[in-house]
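Trainee:
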Amino acid sequence: MNFTETDEQQALRAAVADLGGKYGYAYYTRQARAGGRLTELWQEAGKLGFLGVNLPAEYGGGGAGLYELAIVLEELAAAGCGLLMMVVSPAICGTIIARFGTDEQRRFWLPRLASGATIMAFGITEPDAGSNSHRLATVATRDGDTWVLTGRKIFISGVDEAEAVLIVGRTADAKTGTLRPALFIVPTDAPGFTYRPIEMDIVMPEKQFLLFLDDVRLPADALVGEESAALQQLFAGLNPERIMASAMAIGSGRYALDRAVSYAKERTVWSVPIGAHQGLAHPLAQVKVELELARLMMQKAATLYDAGHDMAAGEAANMAKYAAAEASVRTVDQAIQALGGSSMTQEFGLAAMLANVRTTRIAPVSREMILNFVAQYSLGLPKSY
Ligand SMILES: Cc1cc2nc3c(=O)[nH]c(=O)nc-3n(C[C@H](O)[C@H](O)[C@H](O)COP(=O)(O)OP(=O)(O)OC[C@H]3O[C@@H](n4cnc5c(N)ncnc54)[C@H](O)[C@@H]3O)c2cc1C
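Per the numbering used here, residue 10 is the first one in the sequence shown, and the count goes up by one each step.
Have a look at this one:
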């Protein structure tokens, strides 16, 4: 076990922090409020090789691991400008295609996902299934050489920016008729595929969409990997998703805490800076501890994942996501307290960030579903649902 990052990892952290520093939280919120995107930052990060750092070198990636991709997202978020689509495009979609895609899928998608030239969204959530993925009702039917896909998806991020969506559907077993999951790459301009933005109540540049798949006809090679191994493939992508969501939440927490600490050192309304009052200093110290604990679990999950221990990584990734959501929500809330009234202004504020980190308690998997997993898988307790 080694708690010191390599020289390369430290250099990556510093280089990403430099890039994040050029953009920052003002850029992030300005783009979000104007209905804009983070395109300049995305493209620059892509050119510098940050977006595909985890993808195989032979397909244009950096040949490193998820640990390094999490460094990139954590540092951007710590600069106030986390890129949500990193959770989806290189982490979920890139990983699944790299591990299970055909040679042709790898050659076609990976270099462009790695450079950031293209974005792939990911659609699993459905209006009537929610947290219960056994109820997924998007079904793919084989018709000669093609697949025909029908269903609905909800809350899918970044579809307007994406060239395709990796859709989790289900296929019927030819013999038994039993439905089992299968993953399809669906181009966003495919006939029968339409999408509508959802009016969200959060200040976030990435938008969420309702998807309608009405008899979307796809070539046979739209299926990723094996029909029979889709569950394993899905988890190979969902663990990175949880680790990356943790990285984004922890980075945001670090940003808020930095802001609070700077403010608490300067702001003086009695005879000493407000940070000298233990009523303010202790809660800030407490969230620092909580963030570091969550970060350690995220790093453990990423290390296990990169070492190929998928089951152990799954348990750690769930725990990391739980801890990161809790720590970041408490940190941003406490940072808001430290900034007083200024926290509610657009110029200095952190109020909007609270809703964003709060999302981590719900997505990509809710706090309750993680506790269900830990209760059953880690503790061996009976299932309640
Ligand atoms: C900003 C944002 C971006 C998103 N981006 C994407 C995306 O890109 N792709 C995608 O596929 N999805 C995306 N999602 C969807 C997200 O993954 C879901 O919202 C999440 O999985 C929860 O599903 P739900 O909203 O349907 O909640 P529900 O399943 O309806 O649950 C509602 C509440 O009930 C609780 N609950 C449900 N079942 C149980 C149980 N058995 N025991 C205890 N409690 C339970 C849940 O924990 C939750 O608190 C996004 C969501 C948001 C908010």
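Built from N, CA and C at the ideal position, the CB exists for glycine as well.
#1: What do you get for Val366, buried or exposed, if any count of 16 or more other CB atoms within 10 angstroms of its CB means buried?
#2: So Val177 and Ile165 are in contact, right, with Cβ under 8 Å, and what is the actual spacing, rounded?
#3: Would you mind stating whether Ile371 and Asn327 have Cβ atoms separated by less than 8 Å?
#4: Output the distance between the C-alpha atoms of Val374 and Arg251, rounded to the nearest integer angstrom.
#5: Does DSSP put Val278 in a helix, a strand or coil?
#6: Would you list the one or two residues that DSSP bridges to Ser337?
#7: Using DSSP with H/G/I as helix, E/B as strand and the rest coil, what is Ile371?
#8: Report yes if the C-beta of Met378 is less than 7 Å from at least one heavy atom of ligand 1; otherwise report no.
#9: For Val62, name the three-state secondary structure that DSSP assigns.
#10: Starting from the C-beta of Arg116, find all residues in its chain whose C-beta is less than 8 Å away, skip the five residues before and the five after it, and write them out in chain order.
#11: Any heavy atom of ligand 1 inside 7 Å of the beta-carbon of Gln346?
#12: Mind checking whether the beta-carbon of Gln52 lies closer than 7 Å to any heavy atom of ligand 1?
#13: Sort out for me which residues DSSP pairs Ser166 with in a bridge.
#14: What is the C-beta distance between Val157 and Ala254, in whole angstroms, given that I count them as a contact (C-beta under 8 Å)?
#15: According to the neighbour-count rule (16 or more other Cβ atoms, all chains shown, within 10 Å of its Cβ), is Gln343 buried or exposed?
#16: If you measure between the beta carbons of Ala79 and Gly29, is that distance less than 8 Å?
#17: Say whether the stretch 117-125 touches the stretch 261-271, bearing in mind that this needs 3 or more beta-carbon pairs closer than 8 Å, one atom from each stretch.
#18: So Leu64 packs on Gly58, CB below 8 Å; how close in whole Å?
#19: Tell whether a beta-carbon distance below 8 Å holds between Thr104 and Ala245.
Mentor: A quick look at the data gives this:
#1: buried
#2: Not really, about 11 Å apart at Cβ, beyond 8 Å.
#3: no
#4: 8 Å
#5: coil
#6: Beta-bridge pairing links Ser337 to no other residue.
#7: coil
#8: yes
#9: coil
#10: Tyr68
#11: no
#12: no
#13: Gln217
#14: That belief does not hold up - the Cβ atoms of Val157 and Ala254 are roughly 32 Å apart, past 8 Å.
#15: buried
#16: no
#17: no
#18: 10 Å between Cβ atoms; not a contact.
#19: yes
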